[in-house]
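Asker: With this note's numbering applied, the sequence shown closes on residue 230, and no number is skipped along the way.
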Amino acid sequence: YFYLIWGSIFLLVWMALFLFRKNVRREMLFVSVLYGFGGLAGEKIHILDWWQPLTITNTPIGIEDFLIGFCIGGVAAVIYEEVYKKHLSKRQTASVQPKEPWAFLFGFPLTFLVLFFIFNIESFYATVITSLIFIVYMLYMRRDLIKDSIFSGLLILVIGIGIYYLLFVIYPGYIQSFWYLPDKWYSSLVFGVPIAEYIWYFLIGMYTGPLYEFIKRRRVLG
9 YFYLIWGSIF LLVWMALFLF RKNVRREMLF VSVLYGFGGL AGEKIHILDW WQPLTITNTP
69 IGIEDFLIGF CIGGVAAVIY EEVYKKHLSK RQTASVQPKE PWAFLFGFPL TFLVLFFIFN
129 IESFYATVIT SLIFIVYMLY MRRDLIKDSI FSGLLILVIG IGIYYLLFVI YPGYIQSFWY
189 LPDKWYSSLV FGVPIAEYIW YFLIGMYTGP LYEFIKRRRV LG
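1. Within 10 angstroms of its Cβ, does Thr65 collect 16 or more other Cβ (buried), or is it exposed?
2. Could you give the first and the last residue of the continuous alpha helix (DSSP H) run that contains Gln184?
3. Where DSSP assigns a beta bridge to Val198, which residues make up the other side?
4. Using the rule of at least 16 other Cβ atoms within 10 Å of the residue's Cβ for burial, across every protein chain shown, is Leu118 buried or exposed?
5. So what does DSSP say about Trp208, is it helix, strand or coil?
6. Going by C-alpha to C-alpha distance, which of Pro68, Met146, Val32, Tyr11 sits closest to Ala85?
7. Tell me, to the nearest whole angstrom, how far the beta carbon of Ser131 is from that of Thr216; I am working on the premise that it is less than 8 Å.
8. Just to confirm, is the Cβ distance from Pro202 to Leu189 under 8 Å?
9. Using a Cβ distance threshold of 8 Å, determine whether the region 178-197 contacts the region 17-34, with at least three qualifying pairs required.
10. Taking the alpha helix (DSSP H) that Glu35 belongs to, which residues open and close that run?
11. When you compare only the Cα positions, how much space is there between Phe120 and Pro109?
12. Consult DSSP for Glu108 and reduce its assignment to one of helix, strand or coil.
13. Straight-line CA distance for Lys114 to Gly81?
14. Rounding to the nearest angstrom, what Cα-Cα distance links Arg34 and Val136 in this structure?
15. Rounded to whole angstroms, what is the Cα-Cα separation between Ile69 and Lys52?
What follows is the structure, given as structure tokens:
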């Protein structure tokens with residue numbers, strides 16, 4: 009039940025944010041559902057070369073994949089706002105406004121799939137490259153979101169890796185049991201956790217933190 013317990017711990021964090029910050033609920037739900045289904049789709053690739061946890065249904069893809077994606081996405085989307093007790097509202101100009109926000113959203117998985125299937129880049133590296141491309145684009149277009157992005161990355165890194173450390177108490181050997189650890193990025197452990205996980209959490213936080221704010225306000229504000 010390692011995977012389910014991991015998801016359940018993250019769900020507690022998600023629920024705390026959702027229950028006590030009413031003004032971010034819409035944002036949390038939007039990003040959570042988006043990442044929940046993204047977690048299901050992405051796991052079909054990550055189990056090939058990154059890791060393969062056991063699910064309660066004993067299937068390669070399980071409800072835990074949706075749960076983890078749902079919770080991490082929602083927490084990453086609003087954690088900066090929660091810590092600083094603020095609701096982000098940015099000024100925009102026509103030059104920085106994404107004309108088609110859905111194209112931006114679907115461009116991320118499309119770029120990842122191209123890198124993985126066409127260029128045969130391992131899923132971790134494909135994730136890193138894709139994340140960097142879209143983070144740089146987003147922050148170039150909206151420099152007012154740089155602080156949000158960086159602090160969201162750091163906060164979700166602390167939360168995500170903190171939960172990993174907590175799980176060591178229950179399952180001391182889960183990293184060796186479920187991660188493939190094929191090369192230095194995976195097998196180089198920092199306090200027992202692969203360095204790839206630190207990088208992944210930081211980048212997913214940087215991308216997700218300002219994502220809703222970046223795509224939602226299509227109208228030019230004065």
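All C-beta atoms in this analysis are idealised placements derived from N, C-alpha and C, irrespective of residue type, glycine included.
Answerer: On the basis of the data shown:
1. exposed
2. 182-186
3. Val201
4. exposed
5. helix
6. Val32
7. About 18 Å; that fails the 8 Å criterion.
8. yes
9. no
10. 33-57
11. 18 Å
12. coil
13. Position check: residue 114 holds Phe in this sequence, whereas Lys was assumed. Answer to the nearest angstrom: the Cα atoms are 15 Å apart.
14. 28 Å
15. 7 Å
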